[in-house]
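Trainee: Going down the list, the sequences are from chains A and B.
If you read the first sequence in the numbering used here, its first letter stands for residue 1, the second for the next number, and so on.
If you read the second sequence in the numbering used here, its first letter stands for residue 221, the second for the next number, and so on.
Just dropping this structure here.
Number of protein chains: 2
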Amino acid sequence: MTRVTSQKSAASHGPGKARVPRAVREQQMLDASVEAFAANGYHGAGVEEIAAIAGISKPMIYLYFGSKEELFVACIRREAGRLMDMIAGVVRAEDPAERQLWSALEGFFTFVSDHRGAWTVLYRQARIQGGQSTREVDAMRGRTIDLIGELLARAASSEPGPEAVMAAHALVGACESLADWMLDNPDTDPKTTAKQLSHFAWPGLSKLMEATRARQRGEA
Amino acid sequence: MTRVTSQKSAASHGPGKARVPRAVREQQMLDASVEAFAANGYHGAGVEEIAAIAGISKPMIYLYFGSKEELFVACIRREAGRLMDMIAGVVRAEDPAERQLWSALEGFFTFVSDHRGAWTVLYRQARIQGGQSTREVDAMRGRTIDLIGELLARAASSEPGPEAVMAAHALVGACESLADWMLDNPDTDPKTTAKQLSHFAWPGLSKLMEATRARQRGEA
DNA sequence: ACATTTTCTTACTTTGGAGTAAGATTACCG
DNA sequence: CGGTAATCTTACTCCAAAGTAAGAAAATGT
Numbered sequence: 001m002t003r004v005t006s007q008k009s010a011a012s013h014g015p016g017k018a019r020v021p022r023a024v025r026e027q028q029m030l031d032a033s034v035e036a037f038a039a040n041g042y043h044g045a046g047v048e049e050i051a052a053i054a055g056i057s058k059p060m061i062y063l064y065f066g067s068k069e070e071l072f073v074a075c076i077r078r079e080a081g082r083l084m085d086m087i088a089g090v091v092r093a094e095d096p097a098e099r100q101l102w103s104a105l106e107g108f109f110t111f112v113s114d115h116r117g118a119w120t121v122l123y124r125q126a127r128i129q130g131g132q133s134t135r136e137v138d139a140m141r142g143r144t145i146d147l148i149g150e151l152l153a154r155a156a157s158s159e160p161g162p163e164a165v166m167a168a169h170a171l172v173g174a175c176e177s178l179a180d181w182m183l184d185n186p187d188t189d190p191k192t193t194a195k196q197l198s199h200f201a202w203p204g205l206s207k208l209m210e211a212t213r214a215r216q217r218g219e220a
Numbered sequence: 221m222t223r224v225t226s227q228k229s230a231a232s233h234g235p236g237k238a239r240v241p242r243a244v245r246e247q248q249m250l251d252a253s254v255e256a257f258a259a260n261g262y263h264g265a266g267v268e269e270i271a272a273i274a275g276i277s278k279p280m281i282y283l284y285f286g287s288k289e290e291l292f293v294a295c296i297r298r299e300a301g302r303l304m305d306m307i308a309g310v311v312r313a314e315d316p317a318e319r320q321l322w323s324a325l326e327g328f329f330t331f332v333s334d335h336r337g338a339w340t341v342l343y344r345q346a347r348i349q350g351g352q353s354t355r356e357v358d359a360m361r362g363r364t365i366d367l368i369g370e371l372l373a374r375a376a377s378s379e380p381g382p383e384a385v386m387a388a389h390a391l392v393g394a395c396e397s398l399a400d401w402m403l404d405n406p407d408t409d410p411k412t413t414a415k416q417l418s419h420f421a422w423p424g425l426s427k428l429m430e431a432t433r434a435r436q437r438g439e440a
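Take a look at the structure:
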């Protein structure tokens, strides 16, 4: 509610609306897109509706982004970048494995919490949509899983085996599910969620890495 | 490929197509719908296309199901029922908690494996779509999570606490993610997947239940 | 002041696909 | 046999929403 179409319309001289440089408008359009896509899904959200939220008319979107799909891809890219930045910003390479894992979880849940609704829905949308956006998100998801697999393997000082890959998939799935849950329970603390998941997942991971190390000693 | 429009067209007398009773046709339509929705998503699949796959013309679908959305809901309901039957068929109430958990996982992964592509995509579709289908699937998912939470609580002989609920969410998410993974790796054995996830998840669950029991003793 | 570029809008075309009208053909039942 | 009900098709209507044409109004430079 109380959407602001232009915060300095009165300051500008005359009846014409405030002109805004392209770079800024693009970000406003992306903000509006994320809001609309998150609320109604890719097909549910209309370009006209998005334009309205951004306080602008439809052709501008086509002028700056070319098509609805490209607009969507631009959203995905921006949000994906933000998520990656968030995680990269809190994980310290010199920490031990368990600590790194916990940091990554904390970064992820904090991001979801900060971007209420927006990201997770967008993320789920993108994986379904088909086309470029799906490819990009799936690629990012795949890289994340590989990374976690390698992290686990490194903690067990070995190569990533099939169990580590499976564990990584399971862990990522658990994160996604808990992220959804956080959206329904807005008063949940991201750090608590991260810590609890960490507590829950670590015994199994620890056991798995132990087994890996044992197997490796037996083979060597 | 080699889609069969009617296996007894030659057997029937004359050029007219084989007539089929409603109950049978409905199932054929649902089969076609699942195939099309799974391949192209709810919006990507056209009613005309579904009709073609079922070897029938479009108005029949509207005559029997009313609208595209109702058709989709009917798909969801049928597949959800099958999944529930599958799980209910393998879980034995008198078994201990760990065994029950493993059985449920086995049932789930077997179902996904048997209904290659179809179900998981449908399921993911439904959770996004909005409308009746989303409500039903989310409700089913919620019941499943509650069930698992209660199972865990019962194993710890206590009421379901917030940690149990969280663990249940994480576990369901892990299952969904691994189901997706199975679709990309068709040569994966469902039982192996179930067993591995069980091995991976149990230490954490066990520890959690232990803590719950300890806390309860302290309070009593 | 004038030309050029950038920002922005109103009003339009187009189309893909959901949904329907009207009726043909075949089975069923006295 | 009719007559009624069920199955099934061709050939439409209709609309929401993507995308576009044409140009107005403001900024920017010279």
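In this text, a Cβ means the ideal position worked out from N, Cα and C, and glycines have one as well.
Residues of chain B with a CB under 7 Å from the CB of F200 of chain A: which are they?
Mentor: Chain B residues near F200 of chain A: A387, A390, G424, L428.
Trainee: Distance check for I56 of chain A and L325 of chain B, CA to CA, integer angstroms please.
Mentor: About 51 Å.
Trainee: When we look at the beta-carbon of T192 of chain A and count the other beta-carbons within 10 Å, is it buried (16 or more) or exposed?
Mentor: So T192 of chain A counts as exposed.
Trainee: Which residues, in order along the region 330-352 of chain B, keep a beta-carbon less than 9 Å from a beta-carbon of chain A?
Mentor: Result list: V341, R344, Q345, R347, I348, Q349, G350.
Trainee: Can you give me the C-alpha to C-alpha distance between D251 of chain B and A274 of chain B, rounded to a whole angstrom?
Mentor: In a straight line, the C-alpha of D251 of chain B is about 8 Å away from that of A274 of chain B.
Trainee: Do we get a CB-CB distance below 8 Å when we pair E396 of chain B with the residues of chain A?
Mentor: With 8 Å as the cut-off, E396 of chain B counts as an interface residue toward chain A.
Trainee: Determine, using beta carbons only, whether H169 of chain A and S418 of chain B come nearer to each other than 8 Å.
Mentor: Not a contact, by the Cβ cut-off of 8 Å.
Trainee: Taking 7 Å as the cut-off, does the CB of H199 of chain A come closer than this to any heavy atom belonging to the ligand ZN?
Mentor: Absent from the structure shown: the ligand ZN. Ligands present: none.
Trainee: With distances taken from CA atoms, which of A:P160, A:R78, A:D189, A:A36 is nearest Q216 of chain A?
Mentor: Checked all of A:P160, A:R78, A:D189, A:A36; the closest Cα to Q216 of chain A is A:P160.
Trainee: Step through the CB atoms of chain B and report whether any lies within less than 8 Å of the CB of G41 of chain A.
Mentor: Cβ-Cβ to chain B under 8 Å: yes for G41 of chain A.
Trainee: Output needed for T408 of chain B: all residues of its chain with C-beta closer than 6 Å, excluding positions within five of it in sequence on either side, in chain order.
Mentor: M402, listed in sequence order.
Trainee: Between G337 of chain B and the rest of its own chain, which residues show a CB-CB distance below 8 Å, the 5 nearest in sequence each way excluded?
Mentor: Taken in chain order, the residues that qualify are A258, A259, L403.
Trainee: Pick out whichever of B:L391, B:A431, B:G424 has its Cα sitting closest to the Cα of I365 of chain B.
Mentor: Of B:L391, B:A431, B:G424, the residue nearest in Cα terms is B:L391.
Trainee: So, is the C-beta of Q216 of chain A closer than 8 Å to a C-beta in chain B?
Mentor: No, no contact with chain B.
Trainee: Let me know the secondary structure DSSP gives R217 of chain A once reduced to three states.
Mentor: Of the three classes helix, strand and coil, the one that applies to R217 of chain A here is helix, per DSSP.
Trainee: What are the start and end residues of the alpha helix (DSSP H) that includes G264 of chain B?
Mentor: Looking at the DSSP string, the run of the alpha helix (DSSP H) that includes G264 of chain B is 242-264.
Trainee: With DSSP collapsed to three states, give me the class of G350 of chain B.
Mentor: Three-state result, G350 of chain B: coil.
Trainee: Does G393 of chain B come within less than 8 Å of chain A when only Cβ atoms are used?
Mentor: True, the Cβ-Cβ gap to chain A drops below 8 Å.
Trainee: Judging by CA-CA distance, which residue of A:L71, A:P59, A:T110, A:L101 is the nearest neighbour of L83 of chain A?
Mentor: Measuring from the Cα of L83 of chain A, the nearest candidate turns out to be A:T110.
Trainee: Considering S397 of chain B, what are the terminal residues of the alpha helix (DSSP H) in which it resides?
Mentor: 382-404 is the span of the alpha helix (DSSP H), which, as asked, contains S397 of chain B.
Trainee: Determine the chain A residues that contact G264 of chain B at a beta-carbon separation under 7 Å, and present them in chain order.
Mentor: Correct list: G130.
Trainee: Going by alpha carbons, who is nearest to Q352 of chain B out of B:M306, B:R297, B:R319?
Mentor: Here the closest residue by C-alpha is B:R297.
Trainee: Hey, does L152 of chain A have any beta-carbon neighbour from chain B nearer than 8 Å?
Mentor: Judged by the 8 Å Cβ criterion, L152 of chain A is not in contact with chain B.
Trainee: Considering only their Cβ atoms, is the gap separating G362 of chain B from V385 of chain B smaller than 8 Å?
Mentor: Against a cut-off of 8 Å, the Cβ pair of G362 of chain B and V385 of chain B comes out as no contact.
Trainee: Whole angstroms are fine: how far does the CA of E26 of chain A sit from the CA of S9 of chain A?
Mentor: In this predicted model, S9 of chain A has a pLDDT of only 37, less than 50, meaning its place in the structure is not dependable enough to derive any value.
Trainee: Hey, would you say R124 of chain A sits closer than 8 Å to T134 of chain A, going by beta carbons?
Mentor: No. Outside cutoff.
Trainee: In its own chain, which residues sit with a C-beta less than 6 Å from the C-beta of R433 of chain B, not counting the 5 before and 5 after it?
Mentor: Same-chain partners within the cutoff: A376.
Trainee: Just to confirm the assignment, what range does the alpha helix (DSSP H) spanning D187 of chain A have?
Mentor: No alpha helix (DSSP H) contains D187 of chain A, which DSSP labels as neither H nor E.
Trainee: Taking R78 of chain A as part of the alpha helix (DSSP H), name the residues at either end of that continuous run.
Mentor: 68-90 is the extent of the alpha helix (DSSP H) around R78 of chain A.
Trainee: Can you look up A376 of chain B in the DSSP assignment and give me helix, strand or coil?
Mentor: A376 of chain B: coil per DSSP, three-state reduction.
Trainee: Is A399 of chain B closer than 8 Å to V450 of chain B when the C-beta atoms are compared?
Mentor: Here chain B covers residues 221 to 440 and nothing more, so residue 450 of chain B does not appear.
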